[in-house]
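The structure under discussion appears below in the form of structure tokens.
Here it is, written out as structure tokens:
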């Protein structure tokens, strides 16, 4: 047993000794809305958070530094006011915030962070720039006025979709005579939000109107409308960088000065990341996306000859009718995957991709995918070709400074994997353990994957922190000491073992609607140290260390310690790393895919530990066709309410990793001998006795 595993066991075992008479813990907080949907950099903002279980001791948790936060008087479990102050060096952008209490951490909500004053939507704006916050529902048309000087550039931008709200915003700009000066509708580059940029012709008062495109605004229809002079940037160039390689980024889809640029130090984990914002400029809106990869990434200006794969190259169709071409050194028979990224990150480019031989003959081409205008093409190099060329152009022959793209060319089966978890937050009980099921979707890499949480506080410990070679699932245990509550935004990282270059990926939770524009949102994991568990669960096989023998029932002994003041029966269930097999049945004369429980690791019956009992022996049923990889096993214990109203509390055991063994193997008994028929020229035959050998 490793020192880390022993430490986890000590933390869990310590829970057995707890003798604290206190009521069952309340539920973790649930956030439903926050207004305003923004915080001011270099200032303080009073925000109203609505939801459930928001007390006691609420605290905002964010991936940026909060200088101070104060709970205002009158807080209730359904509504809390916080005065939040941010330092002047916080980066503008859209972020996910959460609320934490001693009972756990909430789901995320998206807010805007910038230097603009955050104001409730009003019919008259006192000064610009400003961020107005409100709700647009049904057929409502909202209107506000502001004063501007002749020649002043005004930006009106609405954030709704990027906040995770299903609003389709339309904005009109009028002068005092109701002459329309501009119209903005939902655009793909803003992921369904809208932006209007106009220069006002004269001193005077101007009117902005907002409504839903179909006059069917959803409830609550939360939005954030920014008006005034401020900077935005939708794209960076180049669109791809290599992990660990500091790269200079310029901007596109922007009103930043042409010379604006930043130095970007990418993270070690490949995937989409938020580009930084240039200092000294008033910026607002979502941070542009940059893709981090494991291979060389070049800008087209740096390409001087044939490229070696795998590689990524960023370019720009700067003029109408332009087509960019890149040549690659390849091997005949090699299968390559070409992928163009443009529209999915907000570029106006509707790309068309062609692959040609050295003579210019088109060998393959691709246009739209079912869910994106960006083409993807898998192509096998024909014999006799050591060089091929890829050509990129716009479907309608358009071009301009914002028509940026990134082309990646990677051999099919290039080692890779992605990690996935089923929840975006984890509450770890003090002196207890929680279990997180981690899935690895493999593509060419079948080795072990080592798991870590770089932001993990010293009061928490990971166990089961490796997905075995060949396995697609593991149970990651996170245990916590009996220390004061703490909450943070963390990321779960996976790293290959034994590869020439490390493959590093971050786990993704199920994506939200806001993660379409900011995909890094799905890689943020709310992590909180919560209350004491109502139970402590320990288990072992009987005898200890018994393997998972195919087609047998493995005896398991489970003991449960109830915390003082806790009583009641305990329902036990199995948690495993096995992916449950599926089968097709007929239901109402229609095929239906369901779990094939007969082929799943499972418990015999539905065990319940009586209220006056502390130990039970169970039978773990092992299917006969279980795969030969190791499996993680844990137990969930649910304390049943005495009045039959449901579950009063839940706890988990520490997982164990068990190996599969056959019920017997065939072996030759004794020393075999070879007999060959004399003079026949036939091969000899082995003579001996075959016996079945059982484990142990």
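Numbering (this note's numbering), first residue to last: -14 to 681. Quick reminder that beta carbons are idealized off the backbone N, C-alpha and C, glycines included. Source: prediction; values computed, not measured.
Residue 217 sits close to residue 269, with the two beta carbons spaced by under 8 Å. About 22 Å separates the CB atoms of residue 81 and residue 62; that is not less than 8 Å, and the two are not in contact.
Taking 8 Å as the cut-off, the beta carbon of residue 539 is found no closer than this to the beta carbon of residue 557. Residue range 179 to 184 is occupied by the beta strand (DSSP E) that includes residue 179. In the DSSP assignment, residue 53 falls within the beta strand (DSSP E) that extends over 53 to 56. Of all alpha-carbon atoms in 328, 147, 294, the one lying nearest the alpha-carbon of residue 321 is that of 294.
Every beta strand (DSSP E) stretch that sits fully inside the region 324 to 392 and reaches 3 residues is listed by chain position as 336 to 341, 347 to 351, 361 to 365, 372 to 379.
Under a 10 Å Cβ-count criterion, residue 426 is classified as exposed, with fewer than 16 other Cβ atoms of the shown protein chains found around its own Cβ. 567 is the residue among 573, 567, 375, 594 whose C-alpha sits nearest the C-alpha of residue 581.
Its chain contains 454, 455 as the residues whose beta carbon lies nearer than 7 Å to that of residue 431, once the 5 sequence neighbours on both sides are disregarded; these appear in chain order. Nearest to residue 512 by C-alpha distance, out of 51, 84, 375, is 84. Taking every protein chain shown into account, the CB of residue 186 has fewer than 16 other CB atoms within 10 angstroms, so this residue is exposed.
DSSP places residue 524 in the uninterrupted beta strand (DSSP E) bounded by 520 to 526.
Leaving aside the five residues that flank residue 360 on each side, the residues in its chain whose CB is nearer than 6 Å to its CB run, in chain order, 325, 336, 338, 351, 352. Ranked by how close their Cα comes to the Cα of residue 526, the residues 552, 570, 620 have 620 in first place. In this structure residue 644 is exposed. Its beta-carbon is surrounded by fewer than 16 other beta-carbon atoms within 10 angstroms. Fully contained in the region 285 to 323 are the following beta strand (DSSP E) runs of length 3 or more, in chain order: 296 to 301, 308 to 314. If you draw a straight line from the Cα of residue 263 to the Cα of residue 174, it comes to about 21 Å.
In the DSSP assignment, residue 428 is bridged to 401. Taking 8 Å as the upper bound for CB-CB distance, residue 182 and residue 313 are not in contact here, some 39 Å apart. Beta-bridge partners assigned by DSSP to residue 512: 411, 473. Each of 613, 450, 597, 316 was checked against the Cα of residue 421, and the nearest Cα belongs to 450. For secondary structure counted as the beta strand (DSSP E) over 3 or more consecutive residues, the region 114 to 145 holds these complete runs in sequence order: 115 to 120, 126 to 133, 138 to 144. Ranked by how close their Cα comes to the Cα of residue 382, the residues 274, 116, 305, 388 have 305 in first place. About 6 Å separates the beta carbon of residue 503 from that of residue 79, a gap short enough to meet the 8 Å contact definition. By the neighbour-count criterion, in which a residue is buried when 16 or more other Cβ atoms sit within 10 angstroms of its Cβ, residue 286 is exposed.
Per DSSP, the continuous beta strand (DSSP E) segment holding residue 464 begins and ends at 458 to 465. Taking a C-beta distance under 8 Å as the contact criterion, residue 94 and residue 16 qualify as a contact pair.
Nearest to residue 631 by C-alpha distance, out of 579, 412, 555, is 555. Under DSSP, residue 540 shares a beta bridge with 604. Under the DSSP definition of a beta bridge, residue 194 partners with 128, 157. Counting only runs of at least 3 residues, the region 583 to 633 fully encloses the following beta strand (DSSP E) elements, listed from N- to C-terminal order: 600 to 606, 616 to 625.
Bridge pairing for residue 59: absent [DSSP]. Residue 240 holds the alpha-carbon nearest to the alpha-carbon of residue 267 among 448, 240, 280.
The beta carbons of residue 477 and residue 436 sit about 7 Å from each other, so the pair counts as a contact at 8 Å. Setting aside the 5 residues that flank it on each side, residue 638 is surrounded in the same chain by 522, 524, 619, 620, each with a C-beta closer than 6 Å to its C-beta; the list follows chain order.
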